[in-house]
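S.K.: In my numbering, the protein residues as written are 142 to 472.
From the three backbone atoms N, C-alpha and C, an ideal C-beta is built for every residue, glycine too.
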Ligand code: 8YV
């Protein structure tokens, strides 16, 4: 069969992607789009895997055993639109011979920007100030009005020193923060040297000494509630926590209790344990900035993610190993 007469693979895309990405997918594959962007139910995901050769899910789709066990035998690739793969049951996928790919690298800088924005915004009370302006209650400058805490000279502890953690560290260093980190493995000495970073093998020890903690590790079975109630209690009362990774890494209820009791100074949260649900008590706290999982939300980033998805699918259907293959052992 000639290349052009080969049957195009059926690619089911679960959410609306940027037009440029969708158009290219339509050209290359037998692509089924979700024009109105309504998140799929588990039943709809089951219907999708019954017809798909390739599934393109996002973080909002739970690709679990229930879904994978109904997949048609032609489903050979899950080309996820995003870097985190905690929404996919990787073991079941592997057992069923389904390759999984993601989109690493292209959202590093955007996510690091958002992390830095929160590291600045929480201690400097940015959104509180903005709310005051909009309320019409601002009575003008005063020497003790809206006092926050200085960023420069503070200690930042990064939990997870992968691509995003390192990109956060580069920014934070320029803002005069001293860089500390905890990671499964120590990063190479050139990187440590460039960042003037201090490695803590013990997360507990690091937590107890930092002014700001930034969560930048993936959510895996090993990092679920890594910051549990016990560890959160190790943090100093004046310290802040920022999470742009996954809500599941931090015990959200324990964190909320500590923020309510004044056992922590504040938090900047872009991710939540049960998205889109948020612990309602968090909404009432002034010392917390809440964002709707928008760490990587730039049009440039989304188009780059789409390009990666396309390259992964194209390479795979052409019979090669896709560049961003995820192996459970990598996590
Ligand atoms: C993405 C993310 O927007 O890529 C990730 O892991 O958390 C987000 O920045 C989302 O996952 C897309 O599926």
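Once the 5 residues before and after residue 308 are set aside, which same chain residues still bring their CB inside 8 Å of it?
M.R.: Once the five neighbours on either side are set aside, the close Cβ partners of residue 308 are 249, 250, 252, 253.
S.K.: Does the beta carbon of residue 199 fall short of 7 Å from some heavy atom of ligand 1?
M.R.: Yes.
S.K.: In the DSSP assignment, find the unbroken beta strand (DSSP E) run with residue 173 in it and report its ends.
M.R.: Residue 173 -> beta strand (DSSP E) spans 171-173.
S.K.: When the Cα atoms are used, what is the spatial distance from residue 143 to residue 169?
M.R.: With a pLDDT of only 49 at residue 143, under the threshold of 50, the placement of this residue in the model should not be trusted, and no figure is reported.
S.K.: So what does DSSP say about residue 199, is it helix, strand or coil?
M.R.: Looking at residue 199 - three-state DSSP - the assignment turns out to be coil, as it is neither helix nor strand.
S.K.: Compare the beta carbon distance of residue 356 and residue 429 with 8 Å and say whether it is the shorter of the two.
M.R.: Result no, Cβ atoms of residue 356 and residue 429 do not sit closer than 8 Å.
S.K.: Under a three-way DSSP split, which group does residue 295 fall into?
M.R.: Reduced to three states, the DSSP call for residue 295 is coil.
S.K.: Please report the distance separating the alpha-carbon of residue 403 from that of residue 382.
M.R.: So the two alpha carbons sit approximately 13 Å from each other.
S.K.: Quickly, what does DSSP pair residue 354 with across the bridge? List them, please.
M.R.: Its beta-bridge partners are 298, 382.
S.K.: Residue range of the alpha helix (DSSP H) that residue 252 falls in?
M.R.: Unbroken alpha helix (DSSP H) run through residue 252: 249-262.
S.K.: Measuring alpha carbon to alpha carbon, tell me which of 345, 260, 423 ends up nearest residue 316.
M.R.: Taking only the C-alpha atoms, the option nearest residue 316 is 260.
S.K.: Using a Cβ-Cβ cutoff of less than 7 Å, which residues in the same chain neighbour residue 414 once the five nearest sequence positions on both sides are dropped?
M.R.: Taken in chain order, the residues that qualify are 388, 389, 393.
S.K.: Where does residue 319 fall in DSSP's three states?
M.R.: Residue state, collapsed to three classes: strand.
S.K.: May I ask you to report which of helix, strand or coil DSSP gives residue 87?
M.R.: Missing from the structure shown is residue 87; the chain here goes from 142 to 472 and no further.
S.K.: Helix, strand or coil for residue 408 per DSSP?
M.R.: The answer is strand: DSSP assigns residue 408 an E or B state.
S.K.: What are the partner residues of residue 220, as DSSP defines its beta bridges?
M.R.: DSSP lists 242 as partners of residue 220.
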